[in-house]
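Q: For reference, the structure I am asking about is given below.
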DNA sequence: GTGAAAGCGCTAACAC
DNA sequence: GTGTTAGCGCTTTCAC
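Residue numbers (UniProt numbering), protein chains in the order written: chain A, 1 to 352; chain B, 1 to 352.
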C-alpha cells in the first residue's frame, strides 16, 4: 500500500497525504493541489492521472491543514449557539441554517446553552479555537461584550437570532414578539374578554420581556386593566405554569382568558384547564406554535413564529458578510402569524 | 496592539499567535504551549506572566494547527449524521450526544440526510476532510461499504444509531423495533382485536421493516390473519397515510385497530380518524411517542422509544473506542415501552 | 503548464 | 524548568 504497515499499537494511523498521491501519479505536489481544488491550468492528461491516484489511495484532503495555510484562513464551518438543540424552535432554526450552509459546502457546529451564560462563553470560545468562519447565536447572557476578543477583533461575522445583542453591535433576526403578543391580546379582546391573564417565562429572557410589553400595551390600548394577580412571570417549568393557572382560576375575580407567552407554558396551561374541566370555558392564546395543537379539543389558537425563516435569514446575512458585503448592523424582523383554532375564540361566560 | 494595523481591505485579519504571547511574556514559545495546554513543569511565576499576556492579547489557541501537529491528530470534534436534525427523534439523539461530548470538551458537527444516500456520502466525506475523531450515523443508504476509505482505514471509530450497518462491521445502538411492534399488536389483541392493520413508512427503511416483522410475527403468534388489504407500506407523507386509513376503513371488512409504525403516520392516522368521527371506535397504537399525545382525545397509546438513551449510549461507545478500548462490534438494544393512554385500549365494536 | 521551497500555528523531540 | 529546531499537510510564491 501507500507505506509500510506500522507496528501494532502504533498511534493514530494517518491516511495518505498529497505527496503520496503526487508520487503515485508521478507529478509534483502542487499539481495534485490544483486538481483537488479544481484550479485551472492542469493538462487533462495529468489531471486524470491525479484523479486515478486519489481514487486508488482513497485520498481525502485535510481541510485543517488547508485552511491553516490558505490566505483567507477559512475553515468552511460556522458555529451555531442555541438555547437547546432538542427543542422544536432551536431545531428548526438549526435545520434552516444547515440548509443554507450546505449550498455553500459549509458545515455547522451546534451547541446548547440551557440558559447558562457560562456555557455560552465556553461554547463560543471552543468555536473560536476551531476558527469557525462565522457565528449565529441566541444568547443566554445579558451582555455579549465578551465577544470582542472572540469574534469582533478577528472580524468574524456574528448574527444574533431570537434575542438582540447587548454590549455589541451586530445584526439580529428577531420575531415580532411585542406585536405578536399584542395581536393575541386584541384577538381575545375582540372575543369580548376583559380579564386577560399573562403567563410568561423568566422576564430576564428578552423575548419574554418583549411579549409581556406587547401584552401590557395592548391591554392599555383596549382600555383594559392589567391586574397584578393576573400576571405570572418566571414560569420555567410545567409544574410552575400549571400551578399559576390553577391559582389564577381560583381567584374571586378569575381571568376569562389566558395569554401564554411560550410553548411549554401553553401546554401546561392546556393541561391545567383540562384538569379543571375548564378548557371550553377559559379562552387561551399561546405564543409559538407546537405540533398537533390543532388536534386538541379545543384546538389551540397560537401566535406562530417562523423559526425556519429566522434561521434562513440569519444564515443568509452571515454569508453575505462572509462574502465581504458591508452595512450598518440592524435588526431584521420576522413576522408572527395568529392561527385561530378554537381556544382563542371562546367567549367569556358572562358578558360584561 | 500586537502588530501594525494592516491596510484597509487586507485579507482576513488573523489574531495573535503563540509567538506573540511568548514575546509579550518574555518567554519561549514552548513555555506558552505548556501553559496553554496545562502541561506540568512551568514555574508559577512564568505561568502567571504567560496567562497575563494571553489575557492582554485576547489570545485564542488555534486548535486546527494544534491537531495538525499533535501525535494523535485528534480534532476534539465528532460527526453526527442523522435523518433530519429538526425532527424530534434526531434532535433528542443529537442533544444526548452533545451532552456526553461536552463533558470531554468535544464539539459536535451535525448534518441531515432526508433519506438521501448521496447526501450521506457527501456529508461523511465532508466530515472526513475535517478529520472528525469519530462518527455517529443513522444511515439512509442500504450499504455503507463506502465508509471503508473514509473511516475504517484511518481507524476512525463509527457507531450506528437507529439503523444497523451493512457491508461494514461496527457497533450499533438500536431500539427494540420488532419487539416493540409485537408488544403493540399483543396489546391490541389483548383488547379483543383480530383485524389489526399495519401502517408503515418506506419498507426499505430498516426500522420500518423490523417493525413490520414484529407486527407480522405477533399476528401469527396470536393466530390472527395478516390481510394484504390491512397492510399499507411506504407511507412517507401525511397525505398518503391519511388516504390509506380512509381506504382501509371503507373496506367491507375494515380493521378494528391500527398499528402505525412511525410518528408522522400516527398523527396522520389520528387526523383521519377524527375526520371520520371514528377516533373512539377504532383503536390505535403508534410506534414512537410525540409531544402532547396524552392531551388528545382519546390519548394516543404509543410504543415509546428512548432517543436520549440511544444517543447517550452511542456517544459513550464512541468515546470508549476513542479511549483505545477494543471489542468485537455488536448491536446494543435500547428498550421500548408501551404507554397506554386510551386509544390502544378501545375494544372492537362487535365482538367476534 | 508544472514544480521546488517556504511557511501557516502549533507540538514533538531533544538540547540545555 | 526552559528554549530551539523540525515538521504536521497543505497553499503560496515564484522560478522554470
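Where is the CB? At the ideal position from N, CA and C, for every residue including glycine. For clarity, every value in this text was computed on a predicted model and none was experimentally measured.
Compare the beta carbon distance of residue 95 (chain B) and residue 85 (chain A) with 7 Å and say whether it is the shorter of the two.
A: Cβ atoms of residue 95 (chain B) and residue 85 (chain A): closer than 7 Å.
Q: If you compare alpha carbons, which of B:53, B:325 and B:294 is closest to residue 267 (chain B)?
A: Taking only the C-alpha atoms, the option nearest residue 267 (chain B) is B:294.
Q: Which class does residue 283 (chain A) belong to by DSSP, given the choice of helix, strand or coil?
A: In the structure shown, residue 283 (chain A) sits in a strand (DSSP, three-state: E or B).
Q: Assuming residue 130 (chain A) and residue 63 (chain B) are in contact, meaning their beta carbons sit under 8 Å apart, how far apart are those beta carbons, in whole angstroms?
A: So it is a contact: roughly 5 Å between Cβ atoms.
Q: Measuring straight from C-alpha to C-alpha, what distance separates residue 351 (chain A) and residue 192 (chain A)?
A: For residue 351 (chain A), the pLDDT reaches just 48, beneath the cut-off of 50, and the residue's location in the model is therefore unreliable, although a value from the coordinates is still provided. Residue 351 (chain A) and residue 192 (chain A): Cα-Cα distance of roughly 7 Å.
Q: Which residues, taken in chain order from the stretch 256-282 of chain B, show a beta carbon closer than 9 Å to some beta carbon of chain A?
A: The residues in question are 267, 270, 271 and 274.
Q: Under a CB-based cut-off of 7 Å, is residue 230 (chain A) close to chain B?
A: Answer no: the Cβ-Cβ gap between residue 230 (chain A) and chain B never drops below 7 Å.
Q: Quick check on residue 85 (chain A) - is its C-beta less than 7 Å from some C-beta in chain B?
A: Closer than 7 Å to some Cβ of chain B, the Cβ of residue 85 (chain A) qualifies, so yes.
Q: Just to confirm, is the Cβ distance from residue 160 (chain B) to residue 137 (chain B) under 7 Å?
A: Yes.
Q: Can you pull the chain A residues whose beta carbon is under 7 Å from the beta carbon of residue 139 (chain B), in chain order?
A: What residue 139 (chain B) touches in chain A: nothing, since even the nearest Cβ is about 18 Å away.
Q: Which ranges does the alpha helix (DSSP H) cover as unbroken runs of at least 4 residues, wholly within the stretch 291-331 of chain B, from first to last along the chain?
A: If we require 4 residues or more, the alpha helix (DSSP H) runs fully inside the stretch 291-331 of chain B come out as 307-322.
Q: Apart from the five residues on each side of it in sequence, which residues of its chain come closer than 8 Å, Cβ to Cβ, to residue 56 (chain A)?
A: Result list for residue 56 (chain A): 24, in chain order.
Q: Can you give the Cα-Cα distance for residue 185 (chain B) and residue 238 (chain A), rounded to whole angstroms?
A: Each residue's alpha carbon lies about 33 Å from the other.
Q: Between residue 248 (chain A) and chain B, is the shortest Cβ-Cβ distance under 7 Å, so that the two count as touching?
A: Cβ-Cβ to chain B under 7 Å: no for residue 248 (chain A).
Q: What alpha helix (DSSP H) runs, 4 residues minimum, are completely inside the stretch 248-285 of chain A?
A: Runs found: 263-276.
Q: So that I know if they touch, is there some Cβ in chain B lying closer than 7 Å to that of residue 306 (chain A)?
A: Cβ-Cβ to chain B under 7 Å: no for residue 306 (chain A).
Q: Nearest by alpha-carbon distance to residue 140 (chain B): which of B:201, B:92 and B:205 is it?
A: Of the listed residues, the one whose Cα sits closest to residue 140 (chain B) is B:205.
Q: Please confirm whether residue 143 (chain A) has its beta-carbon closer than 7 Å to some beta-carbon of chain B.
A: For residue 143 (chain A), the answer is no, since every Cβ of chain B falls outside 7 Å of its Cβ.
Q: Does chain B have any CB closer than 7 Å to the CB of residue 201 (chain A)?
A: No, residue 201 (chain A) does not count as interfacial toward chain B.
Q: Which of the three DSSP states, helix, strand or coil, is assigned to residue 134 (chain B)?
A: Three-state DSSP puts residue 134 (chain B) in a strand.
Q: Could you check whether residue 121 (chain A) and residue 148 (chain A) sit closer than 7 Å to each other, using their CB atoms as the reference points?
A: For residue 148 (chain A) and residue 121 (chain A), no; Cβs fall outside 7 Å.
Q: For residue 41 (chain A), which residues in chain B fall below 9 Å Cβ to Cβ?
A: Result: empty, since nearest Cβ-Cβ is about 22 Å, beyond 9 Å.
Q: Spatial neighbours of residue 318 (chain B) within its chain, please: CB distance less than 7 Å, with the 5 preceding and 5 following residues excluded, ordered by chain position.
A: Closer than 7 Å at the Cβ level, and outside the excluded window around residue 318 (chain B), lie 78, 134, 136, 157 and 159.
Q: Could you compute how far the alpha carbon of residue 276 (chain B) sits from the alpha carbon of residue 283 (chain B)?
A: Taking the straight line joining both Cα atoms gives about 14 Å.
Q: CA-CA distance, residue 328 (chain A) and residue 88 (chain A)?
A: Answer to the nearest angstrom: the Cα atoms are 31 Å apart.
Q: If we count the other Cβ atoms within 10 Å of its Cβ and call it buried at 16 or more, is residue 285 (chain B) buried or exposed?
A: Label assigned to residue 285 (chain B): buried.
Q: With H, G and I counted as helix, E and B as strand and the rest as coil, what does DSSP make of residue 339 (chain B)?
A: Three-state DSSP puts residue 339 (chain B) in a strand.
Q: Does the stretch 226-241 of chain B come close enough to the stretch 165-185 of chain B that 3 or more CB-CB pairs lie under 8 Å?
A: No contact exists between the stretch 165-185 of chain B and the stretch 226-241 of chain B.
Q: Can you list the residues of chain B that residue 92 (chain A) reaches, using a CB-CB cut of under 8 Å?
A: Those within 8 Å of residue 92 (chain A) in chain B are 86.
Q: Note down the Cα distance separating residue 21 (chain A) from residue 50 (chain A), rounded to an integer number of angstroms.
A: Residue 21 (chain A) and residue 50 (chain A): Cα-Cα distance of roughly 7 Å.
Q: Per DSSP, residue 112 (chain A) is paired with what?
A: Residue 112 (chain A) pairs with A:82.
Q: Where does the unbroken beta strand (DSSP E) through residue 29 (chain A) begin, and where does it stop?
A: From DSSP, residue 29 (chain A) is part of no beta strand (DSSP E) but of the alpha helix (DSSP H) over 29-36.
Q: Give the list of continuous beta strand (DSSP E) stretches no shorter than 3 residues that lie fully inside the stretch 225-250 of chain B.
A: Runs of the beta strand (DSSP E) inside the stretch 225-250 of chain B: none found.
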